[in-house]
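Protein chains in written order, with the numbering used here: chain A, 3 to 479; chain B, 56 to 268.
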């Protein structure tokens with residue numbers, strides 16, 4: 003059954019490849035997404051599924067990340083046909099196939115409990131998403147996809163070296179030869195320390211590149227800036243979360259081995275650096291899609307800082323993973339609508355989005371307040387949890403820097419967002435034919451509703467899942 | 056471990072330096088191809104007994120790293136009608152120098168790591184790190200998209216050497232998956248190279264600079 007989550011999207015991708023109609027093909031995406039979501043909901047009720055001798059496991063952490071990924075993909079999939087319908091002249095075969103294959107590879111990353119298999123899944127997800135980034139076929143998107151592929155592949159290559167180091171640390175210490183995560187956690191206390199530490203550094207750099215942590219973030223502004231909005235949402239809320247999950251799996255091994263303090267230090271430094279880089283580049287940012295990329299870098303930083311401070315911070319970090327993903331859905335999809343309405347993504351050409359596309363403009367603004375941690379949205383609570391954990395555990399400086407950087411980002415991002423939504427639209431766009439439709443608005447409303455709900459109350463099953471996953475990451479069970 | 060391992064690894068290290076010091080693209084691609092071939096051979100010598108899995112991995116490596124990928128790169132080079140790497144971000148002599156320093160550092164660093172008895176005194180770990188470093192250097196300092204792909208190939212070659220230490224621990228499926236991913240990755244990069252040369256009438260990644268702050 004665990005296999006079905008990977009296979010269903012792949013099979014539908016093959017079907018999509020065979021369907022000749024450019025108009026009907028995009029509807030396969032929401033269909034596959036609905037089946038995937040139904041399967042995930044079914045699997046949530048089951049105890050940890052183990053398939054193929056432990057290569058595939060669906061544990062609490064996996065349940066959390068995959069169920070969110072599935073919801074995210076479902077909402078983006080509803081948006082997809084309407085988006086592709088605005089480009090009837092372009093053949094969307096490769097786009098649909100890549101989109102579905104991407105869902106399959108994301109599921110594989112989450113479920114694989116084998117060092118090598120997880121690596122293969124992550125590299126495949128990079129390859130599957132490359133055509134999505136290159137969809138617009140402009141020189142700029144070509145440049146973006148080249149950087150995306152090259153930086154991503156190098157990052158993932160370093161992660162492979164790290165995986166081999168990890169395997170060698172077991173080999174040297176004479177532990178049983180197994181690359182299954184659960185076996186490695188069991189053998190963790192006996193692993194060779196020098197190899198284990200080097201392995202974690204390489205794995206963190208490698209999978210951190212896929213997360214887009216500074217200073218390996220260089221692909222992100224270009225890829226998010228040039229990719230269609232729904233792809234941006236899937237990268238910012240799907241792929242980066244899955245890469246974070248990979249980091250967490252290794253953090254679990256390292257913390258059971260007793261080297262957790264070292265790993266946490268690395269995470270705090272890298273997380274704060276990412277937040278700082280984002281804060282610097284977000285100020286005076288004219289391109290609002292690139293601004294969202296820097297926001298994603300910032301929030302990946304927040305995720306690792308949360309794990310870095312430890313304790314409740316891990317819970318806050320996992321909670322933030324969902325809040326950030328939902329809010330990124332709001333921001334990227336509404337930014338895509340605004341982009342289309344004005345045929346530009348620069349604040350030099352765009353103003354008065356609230357008048358030109360009232361719903362998208364309003365949700366872009368609401369998304370901005372949500373992502374910068376304003377109550378009553380979810381990110382406020384998760385960021386508060388992380389700051390709280392930092393202060394409780396004596397990381398005064400980390401907590402203070404965290405708050406200062408959040409404030410700087412609020413100001414920097416606010417300037418760009420307000421320039422987009424306020425004022426009068428330039429006259430030449432008044433006659434532009436673009437109109438908001440139900441299918442391009444409903445997913446955004448759903449994302450925003452989710453972010454709002456998680457700020458007001460966390461459903462009991464989700465709360466249990468979050469606590470279970472947080473214990474799991476810190477080496478419990 | 057057989058007597059042939061160390062000489063083969065020395066060849067790998069020399070090919071690293073050759074790639075760093077030469078400007079002709081054809082020679083660079085050839086060197087990477089030879090390195091891939093040598094690594095394939097190495098697979099057969101690292102362990103005493105040879106079984107089917109190893110032979111498959113060896114043949115796969117020679118085919119993919121030594122023949123198919125270099126062929127794709129040569130074709131891309133011909134299509135784009137370029138012969139030389141010009142004006143790299145770091146010159147050829149300085150990058151040779153850096154490569155030599157990197158190799159020395161790799162030797163020093165791997166001296167601090169505890170090794171399993173069967174790898175004691177072998178060059179496997181240092182040459183792996185040195186090759187990864189060389190790949191990284193080529194990737195970051197060269198302007199042509201094709202040379203950057205060669206850099207990525209060297210990086211993967213370095214990782215492959217590390218993988219040889221673990222041939223028993225790595226399941227067959229994973230080895231094949233890694234090789235396949237490498238192949239598909241470079242194939243996709245090849246497609247993009249093709250688009251770059253059509254779009255910009257050049258393979259100079261220096262032209263890919265419209266996206267920046």
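Glycine is no exception: its CB is placed at the ideal position from the N, C-alpha and C atoms.
For clarity, every value in this text was computed on a predicted model and none was experimentally measured.
Using the DSSP secondary-structure output, state which residues sit across from residue 347 of chain A in a beta bridge.
Looking up residue 347 of chain A in the first chain gives position 345. Answer is none; residue 347 of chain A lacks a bridge partner.
Where residue 58 of chain A sits in the DSSP three-state scheme
Here residue 58 of chain A refers to the residue found at position 56 when the first chain is read from its first residue. Reduced to three states, the DSSP call for residue 58 of chain A is strand.
Who are the Cβ neighbours of residue 446 of chain A in its own chain at under 6 angstroms, not counting the five residues just before and after it?
Within the first chain, residue 446 of chain A is the residue found at index 444, counting from 1. Contacts found: 332, 335, 336 and 365.
My output table needs one value for residue 237 of chain A: the three-state DSSP class, helix, strand or coil.
Within the first chain, the letter at position 235 stands for residue 237 of chain A. Looking at residue 237 of chain A - three-state DSSP - the assignment turns out to be helix.
Short-range partners of chain A found in the segment 192-217 of chain B, where Cβ spacing is below 8 angstroms
194, 200, 203, 207, 210, 211, 213, 214 and 217
Along the chain, where does the alpha helix (DSSP H) that runs through residue 151 of chain A open and close?
Locating residue 151 of chain A in the first chain gives position 149, where the first residue counts as 1. That run of the alpha helix (DSSP H) goes 141-174.
Between the segment 197-205 of chain B and the segment 110-129 of chain A, do at least 3 Cβ pairs fall closer than 8 angstroms?
no
For residue 230 of chain A and residue 85 of chain A, what's the separation of their Cα atoms in angstroms?
Indexing the first chain from 1 puts residue 230 of chain A at position 228. Indexing the first chain from 1 puts residue 85 of chain A at position 83. So the two alpha carbons sit approximately 9 angstroms from each other.
Comparing C-alpha positions only, which one of A/460, A/62 and A/184 sits nearest to residue 48 of chain A?
Residue numbering aside, residue 48 of chain A sits at position 46 when the first chain is read from its first letter. The option with the nearest alpha carbon to residue 48 of chain A is A/62.
Determine whether the Cβ of residue 129 of chain B lies closer than 8 angstroms to any Cβ atom of chain A.
Working through the second chain from its first residue, we reach residue 129 of chain B at position 74. Output row for residue 129 of chain B: interface = no.
Which first and last residues belong to the alpha helix (DSSP H) in which residue 97 of chain B is found?
Here residue 97 of chain B corresponds to residue number 42 of the second chain, with the count starting at 1. 80-101 is the span of the alpha helix (DSSP H), which, as asked, contains residue 97 of chain B.
Mind pulling the alpha helix (DSSP H) runs of 4 or more residues that sit fully within the segment 104-164 of chain B?
107-116 and 124-135
Considering only residues of the same chain and omitting the five flanking positions on each side of residue 199 of chain A, which have a CB-CB separation below 7 angstroms?
As a working mapping, residue 199 of chain A is identified with position 197 in the first chain. Within the same chain, residue 199 of chain A has close Cβ partners 261 and 264.
When you compare each of A/382, A/8, A/438 and A/353 to residue 105 of chain A by their alpha carbons, which one comes out closest?
Along the first chain, read from residue 1 onward, the residue named residue 105 of chain A stands at position 103. Per the Cα distances, A/8.
What's the C-alpha gap between residue 33 of chain A and residue 443 of chain A?
Residue 33 of chain A sits at position 31 when you count from the first residue of the first chain. Residue 443 of chain A sits at position 441 when you count from the first residue of the first chain. C-alpha separation (whole angstroms): 19 angstroms.
Counting only Cβ pairs nearer than 8 angstroms, list the residues of chain D close to residue 307 of chain A.
The structure shown contains no chain D; its protein chains are A and B.
So the beta strand (DSSP E) residue 196 of chain B belongs to, where does it begin and stop?
The sequence position of residue 196 of chain B within the second chain is 141, counting from 1. Per DSSP, residue 196 of chain B belongs to no beta strand (DSSP E); it is in the alpha helix (DSSP H), 179-196.
Tell me the rounded alpha-carbon separation between residue 357 of chain A and residue 392 of chain A.
Counting from 1 along the first chain, the entry for residue 357 of chain A is found at position 355. Counting from 1 along the first chain, the entry for residue 392 of chain A is found at position 390. Spanning the two alpha carbons is a distance of roughly 42 angstroms.
Using a Cβ-Cβ distance cut-off of 8 angstroms, determine whether residue 244 of chain B contacts chain A.
Translated into the one-based positions of the second chain, residue 244 of chain B becomes position 189. Judged by the 8 angstroms Cβ criterion, residue 244 of chain B is in contact with chain A.
I need the boundaries of the alpha helix (DSSP H) containing residue 383 of chain A, first residue and last residue.
To locate residue 383 of chain A, count along the first chain from 1; it is residue 381. That run of the alpha helix (DSSP H) goes 380-394.
Residue ranges of each alpha helix (DSSP H) within the segment 267-329 of chain A, 4 or longer:
290-311
Below 8 angstroms on the Cβ atoms is my guess for residue 165 of chain B versus residue 180 of chain B; work out the distance and round it to an integer in Å.
As a first step, residue 165 of chain B is located in the second chain; it is residue number 110 there, counting from the start. As a first step, residue 180 of chain B is located in the second chain; it is residue number 125 there, counting from the start. Correct: roughly 4 angstroms between the Cβ atoms.
Looking only at its chain, what residues have a beta carbon closer than 8 angstroms to the beta carbon of residue 149 of chain A, apart from the 5 residues adjacent to it on each side?
Looking up residue 149 of chain A in the first chain gives position 147. Contacts found: 220, 221, 224 and 225.
Starting from the beta carbon of residue 263 of chain B, find every residue of chain A whose beta carbon is closer than 7 angstroms, and list them in chain order.
To locate residue 263 of chain B, count along the second chain from 1; it is residue 208. Per Cβ cutoff of 7 angstroms: 145 and 148.
Buried or exposed for residue 465 of chain A, please, with buried defined as at least 16 other CB atoms from any protein chain shown within 10 angstroms of its CB.
As a position in the first chain, residue 465 of chain A is number 463, starting the count at 1. Exposed, since its Cβ has fewer than 16 Cβ neighbours within 10 Å.
With distances taken from CA atoms, which of B/109, B/205 and B/243 is nearest residue 75 of chain B?
Walking along the second chain from the start, residue 75 of chain B turns up at place 20. For the residues B/109, B/205 and B/243, the minimum Cα distance to residue 75 of chain B belongs to B/205.
Meets three-Cβ-pair contact criterion under 8 angstroms: the segment 90-107 of chain B and the segment 127-144 of chain B
no
Extract the residue ranges of the beta strand (DSSP E) inside the segment 26-88 of chain A, only unbroken runs of 3 or more that lie entirely within it.
51-53 and 58-60
Measure from the C-beta of residue 140 of chain B to each C-beta in chain A and report whether the shortest distance is under 8 angstroms.
Start at 1 with the first residue of the second chain, and residue 140 of chain B comes out as number 85. Not an interface residue.
Using 8 angstroms as the Cβ pair cut-off and three pairs as the minimum, do the segment 155-164 of chain A and the segment 205-213 of chain A touch?
yes
With DSSP as the reference, label residue 200 of chain A as helix, strand or coil.
Position 198 of the first chain, counted from the first residue, corresponds to residue 200 of chain A. Here residue 200 of chain A sits in helix by DSSP.
If you check the beta carbons only, do residue 345 of chain A and residue 422 of chain A fall under 8 angstroms apart?
If you number the first chain from 1, residue 345 of chain A lands on position 343. If you number the first chain from 1, residue 422 of chain A lands on position 420. Contact: no.
Alpha carbons only, please: which of A/289, A/439, A/309 and A/370 is nearest the one belonging to residue 228 of chain A?
Along the first chain, read from residue 1 onward, the residue named residue 228 of chain A stands at position 226. Residue A/289 is the option with its Cα nearest to residue 228 of chain A.
Alpha-carbon to alpha-carbon, residue 223 of chain B and residue 182 of chain A
Here residue 182 of chain A refers to the residue found at position 180 when the first chain is read from its first residue. Here residue 223 of chain B refers to the residue found at position 168 when the second chain is read from its first residue. For residue 182 of chain A and residue 223 of chain B, the distance between alpha carbons rounds to 15 angstroms.
Let me know the secondary structure DSSP gives residue 182 of chain A once reduced to three states.
If you number the first chain from 1, residue 182 of chain A lands on position 180. Strand.
Neighbouring residues, chain B, relative to residue 1 of chain A (Cβ below 8 angstroms):
Past the boundaries of the shown model lies residue 1 of chain A; chain A is included only from 3 to 479, so the question cannot be answered.
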